[in-house]
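Student:
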Amino acid sequence: MNTTIGVLALQGAFLEHETMLRQLGVRPVEVRKPEQLTGLDGLIIPGGESTTMGLVAERWGLVAPLKAWVQSGKPTWGTCAGMILLAERAIGQKAGGQPLIGGLDVTVNRNYFGRQADSFETLLHVPVLGEPPIRAVFIRAPAIVEIGAGVDVLATTAGRAGEEVIVAVQQGNLLATAFHPELTNDLRWHAYFVSQVTHHASSIVPGA
Ligand code: GLN
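Counting the sequence shown from 1 gives a position; my numbering is that position plus 1.
#1: Please determine if the stretch 127–141 and the stretch 23–41 are in contact, where contact requires at least 3 C-beta pairs separated by less than 8 Å.
#2: Return helix, strand or coil for isoleucine 85, following the three-state DSSP convention.
#3: Measuring only the C-alpha atoms, how far is serine 196 from leucine 25?
#4: Is the stretch 143–160 touching the stretch 53–68, taking contact as three or more C-beta pairs under 8 Å?
#5: Is arginine 136 close to the ligand GLN? I mean its beta-carbon at under 6 Å from any heavy atom of the ligand.
#6: Quick check on tryptophan 78: does DSSP put it in helix, strand or coil?
#7: For threonine 20 and arginine 141, what's the separation of their Cα atoms in angstroms?
#8: Using a Cβ-Cβ cutoff of less than 6 Å, which residues in the same chain neighbour threonine 108 once the five nearest sequence positions on both sides are dropped?
#9: Specify which residues have a beta carbon nearer than 7 Å to any heavy atom of the ligand GLN, listing them in chain order.
#10: Kindly indicate the opening and closing residues of the beta strand (DSSP E) around serine 120.
#11: Assign isoleucine 205 to one of two classes, buried (16 or more other C-beta atoms within 10 Å of its C-beta) or exposed (fewer than that).
#12: Give the single residue among Leu124, Trp78 and Thr199 whose Cα lies nearest to the Cα of threonine 185.
#13: Report, in whole angstroms, the separation of the C-beta atoms of threonine 157 and valine 166, which I expect to be a contact under 8 Å.
#14: Nearest CA to the CA of asparagine 110: which residue from Arg33, Val64 and Arg161?
#15: Am I right that isoleucine 46 and leucine 87 are in contact with their C-beta atoms under 8 Å? What's the rounded C-beta distance?
#16: Based on DSSP bridge pairs, tell me the residues matched to leucine 9.
#17: Assuming the contact rule is C-beta atoms closer than 8 Å, valine 8 and valine 32 should be a hit. Round their C-beta distance to whole Å, please.
#18: DSSP state of glutamine 24, grouped into three classes?
#19: For proline 29 and histidine 200, what's the separation of their Cα atoms in angstroms?
#20: Could you pull the start and end residues of the beta strand (DSSP E) that glycine 43 belongs to?
#21: Using beta-carbon positions only, say whether histidine 181 and threonine 77 come within less than 7 Å of one another.
This is how it looks when you write it as structure tokens:
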């Protein structure tokens with residue numbers, strides 16, 4: 002099967018995701034217009050700046066199509082700013098709020114790690130990815146401060162006060178990571194997402 006995965010290419014680190022997908026033999030498609038969502042098997046919303054990305058998405062008429070895409074149950078992965086956009090609820094937003102796509106039943110703190118250190122790296126233990134622990138790059142990163150009943154925690158790390166905070170979750174076909182797997186050379190997160198996409202695509206009966 003030819004898996005096609007879209008990468009929202011409005012702003013931020015979309016090229017790096019495309020490179021990772023190509024290394025896995027998947028053809029990435031840059032998404033800037035609603036019609037470019039047609040025919041995709043999965044979608045990645047990259048990191049960058051969620052306010053800017055949300056405003057550009059609004060201007061280009063993408064917010065409603067992206068909401069419909071997520072609601073339809075298509076596999077979607079948000080990294081960093083992309084995770085913020087997928088969240089149902091965000092705190093620490095700019096005055097007046099920002100457009101969110103939503104769908105992921107979590108509350109994110111937009112700049113949870115932002116004031117502590119602009120960026121840092123750490124090793125995460127992620128059972129779904131196996132051993133060894135995986136490097137994670139956090140850049141002005143959000144964290145998940147509350148999850149709904151249908152959300153599985155995939156990874157946590159030490160938070161501002163040394164407490165464990167949630168930095169990767171999955172809710173059905175929605176995957177969200179607070180960090181930037183596309184800025185490492187470990188392909189395991191991308192391979193995990195591609196396997197979810199392939200599994201979902203092969204479960205759809207053509208024409209049904
Ligand atoms: N905290 C940033 C935001 O609000 C996200 C940073 C990132 O994607 N690296 O968009």
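Glycine included, every Cβ here is placed at the ideal spot set by N, Cα and C.
Tutor: The answer reads as follows:
#1: no
#2: helix
#3: Whole-angstrom Cα-Cα distance: 11 Å.
#4: no
#5: no
#6: strand
#7: 23 Å
#8: Arg90, Val146 and Glu147
#9: Having a Cβ closer than 7 Å to some heavy atom of the ligand GLN are Gly13, Gly48, Gly49, Glu50, Ser51, Thr52, Cys81, Ala82, Ile85, Arg111, Asn112, Gly115, Ile140, Arg141, Ala142, Pro143 and His181.
#10: 120–125
#11: exposed
#12: Of the listed residues, the one whose Cα sits closest to threonine 185 is Leu124.
#13: 6 Å
#14: Arg161
#15: 7 Å
#16: Val32
#17: 7 Å
#18: helix
#19: 17 Å
#20: 43–46
#21: no
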